[in-house]
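Data block below; observations after.
Chains as they are written, first to last, in the numbering used here: chain R, 48 to 437; chain E, 48 to 437.
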């Protein structure tokens, strides 16, 4: 699996030789780049002495999860119960549900599946009612999941702020609950997706590390065991200057990469594994109209509401191009149509375009399968995305 | 079925009494409003002497399509082959695929299914290669689909401009092709979704009517039979001052309605049938975080790239509200989290919110099922969205 990335750094990895009968729109995954991305992230984690628990919301694929685990990942992270159940049922032995559960029914399903399958389940809380719910349901099912306190390091989504005295109260309640095992602190610096550049993303990563490690130390001084300090997002992990005091990273997007790590200068285009093959269905004087719209590419400009990206994807007409050219921009989307700005170039109906979307995660969520192929190879394999977790 | 809409005009139709065990996020459809919307559109079409062929991309539901047909619709319209096949297989007897096909494989599947099921299939073309493809495949399969020439009335997506001399060439080629039946002209004024107000949408509708009827007359003077002139989008149909010279409308969104017809002042909030039930999973000083993000609500601001709407939906905390209050705004989305601006109000984890999304169509596309309920009733029925057409 440890292949060198075969592609030049500044070049988008085009796939001009895909089978002519591959119907479009098709979500493409370049297996060589995927595996290189997985290996590099694992090497980064290993080098820093960190556990890697990749987030599966990006790929929703048991096949890719198994590749991550074979490369050395310690377990997986998921964002919703239905998603987690797919991987637990597939036999994954350690999974973090990084989402605060407030529904006893959902929690029961999850605890039950994890218990039956022997999966080490790890949950998060950010308020006392969450501790009470988890403790009660775990006790009822006779299991003892690990629990993290979710810390808000700046996205202002879920979590307690690092200075909030409630953190110690939650830690105390978790220590007290016989049916729960307090594992430590967990954060997600999703605001890094909106950072102005890689330097700004690095600052966000360092702020997250400092506040998380300081908080862990404060709890330890107060007598708590804090075995784990888990952080992670692809931009912060790639930009970070160091990981001292942290124990785990949970990036997701890195398997595919997309326009956010590119915009931040954290990776070259050659490391983007996911793209969408489309066909021109009509043209006019301004646009080539392709058969991939918002129901294929999603309307995401970036992630977490970040919108620093122009358009909805970068497009290359296949044939006679190297991937080093300036891409065309998918300027506008209808549901089943993409408007690719022609900028004076000429395209004809039937021409195929390879589009590198802004945000890979919702693209996978919108498809039931993707086409996994190897670099220059003309043949690939259709893989189910467990997307079927809606 | 012809019920009066039971709700006050300026009131969002809230459903505070839904079962407590209905898991969230759940896509809700108010059956009374749905049926009233279907009946009103049919009455509008009947009153103007127009055929109504509703676009199914909005609901992707055979159950709702049958309600539309029972109310008097002449057939259905679909936007992709996989979508069309669901309805043809379900026995629908007349279907327009309002998308230019360039793939022989997809076309063959569609023609074959229509032939086997006895479905009157209607297709569109906007270039000579399309005519050649359709003629060849229809001849090979021994069938004779109806074909429309797609006219671009201002969206600058697919179609020939009304003044383009190629329109007559296409009409000639269609008349000449023994395996095709030239049915007329078809347009979609999708740019009306971005209109400044209802008056502007009405102007777009009138421009579309004038250019389509003038073009039809020009073809007739040149000796062509032009039996049908088909237009349609929910905003233009609702805003239009008249339909003289047109024969068919193809709105889709009207079954549910969403923030675009509301923004344009074309319907009151009481006519919005689709919403999303969510649960607050966390709160902070600015936001209530709910369990519906871009993977439930979609990141669409509007349709066709229109972005005149604030946020990603209008939210009401259920309990003690009438629907006349100023809604909270879903200001930002992560994939599985919505950030609802609190504006000083207080919400707790576990509280339920009913969100009226910006754009209903992609919400249905993102779910496998929706919950169909009747007005004040506390019980409903889970209905499959044929969303499973990805």
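Just so you know, even glycine gets a beta-carbon here, dropped at the ideal spot from N, CA and C.
| Asked | Found |
| --- | --- |
| C-beta atoms of residue 235(R) and residue 145(R) nearer than 8 Å | yes |
| Residues, ordered as in the chain, of the region 281-305 of chain R that lie near chain E by beta-carbon distance below 7 Å | none |
| Stretch pair the region 183-194 of chain R + the region 219-226 of chain R: three plus CB contacts closer than 8 Å | yes |
| Contacts around residue 354(E), its chain only, beta-carbon distance under 6 Å, and the 5 residues preceding and following it disregarded | 348 |
| Per-residue burial, residue 68(R) [other beta carbons within 10 Å of its own, 16 or more giving buried] | exposed |
| Proximity of residue 408(R) and residue 300(R) at Cβ, strictly below 8 Å | yes |
| Minimum C-alpha distance to residue 411(R) - residue among 304(R), 366(R), 209(R) | 304(R) |
| Partners in chain B for residue 352(E), counting only beta-carbon separations shorter than 7 Å | Among the protein chains in the structure shown, which are R and E, there is no chain B. |
| is_contact[residue 49(R), chain E] using C-beta, thresh 8 Å | With a pLDDT of 34 at residue 49(R), under the threshold of 50, the predicted position of this residue should be treated as unreliable, and no value is reported. |
| Contact set for residue 242(R): own chain, Cβ-Cβ below 7 Å, skip 5 residues either direction | 248, 251, 282, 311 |
| Cut-off 7 Å between Cβ atoms - residues of its own chain near residue 166(R), not counting five sequence neighbours on either side | 135, 139, 140, 141, 142 |
| C-alpha distance - residue 419(R) paired with residue 315(R), whole-angstrom precision | 21 Å |
| Where residue 100(E) sits in the DSSP three-state scheme | coil |
| Unbroken beta strand (DSSP E) run spanning residue 409(R), endpoints | From DSSP, residue 409(R) is part of no beta strand (DSSP E) but of the alpha helix (DSSP H) over 407-412. |
| Per DSSP, the bridge partner or partners of residue 404(R) | 360(R) |
| Counted within 10 angstroms of its Cβ, other Cβ atoms place residue 297(R) as buried (16 or more) or exposed | buried |
| Residue 308(E) classed as buried or exposed, judged by whether at least 16 other C-beta atoms fall within 10 angstroms | buried |
| For residue 195(R): DSSP bridge partner residues | 171(R), 231(R) |
| Residue range of the alpha helix (DSSP H) that includes residue 416(R) | Careful: residue 416(R) lies outside any alpha helix (DSSP H), inside the beta strand (DSSP E) at 416-420. |
| Residue 127(R): first and last residue of the uninterrupted beta strand (DSSP E) it sits in | Careful: residue 127(R) lies outside any beta strand (DSSP E) and carries neither H nor E. |
| Contact list for residue 190(E) against chain R, beta-carbon separation under 8 Å | What residue 190(E) touches in chain R: nothing, since even the nearest Cβ is about 22 Å away. |
| 8 Å Cβ cutoff, residue 222(R) in contact with chain E | no |
| Reduced DSSP category for residue 59(E) - H, G, I as helix; E, B as strand; rest coil | coil |
| Residue from 384(R), 374(R), 415(R) whose Cα sits closest to the Cα of residue 401(R) | 374(R) |
| Minimum Cβ-Cβ distance from residue 438(R) to chain E less than 8 Å | One cannot answer for residue 438(R) here, as it falls past the ends of chain R, which runs 48 to 437. |
| Under 7 Å from the C-beta of residue 44(R): neighbouring residues of chain E | Past the boundaries of the shown model lies residue 44(R); chain R is included only from 48 to 437, so the question cannot be answered. |
| Buried versus exposed call for residue 306(E) [16 or more other C-beta atoms within 10 Å across all chains shown] | buried |
| Through-space distance from residue 105(R) to residue 229(E), alpha-carbon basis | 46 Å |
| Residue from 399(R), 189(R), 351(R) with nearest C-alpha to residue 368(R) | 399(R) |
| Test: residue 166(R) CB closer than 8 Å to a CB of chain E | no |
| Closer than 8 Å to chain R by CB, residue 333(E) | yes |
| Cα-Cα separation between residue 378(E) and residue 83(R), rounded to whole angstroms | 37 Å |
| Residue 313(R) versus residue 150(E) - alpha carbon distance | 38 Å |
| Presumed contact (8 Å Cβ cut-off) between residue 302(R) and residue 85(R), rounded CB distance | 6 Å |
| Residue range of the unbroken beta strand (DSSP E) whose run includes residue 329(R) | 321-330 |
| Distance, residue 421(R) Cα to residue 430(R) Cα | 13 Å |
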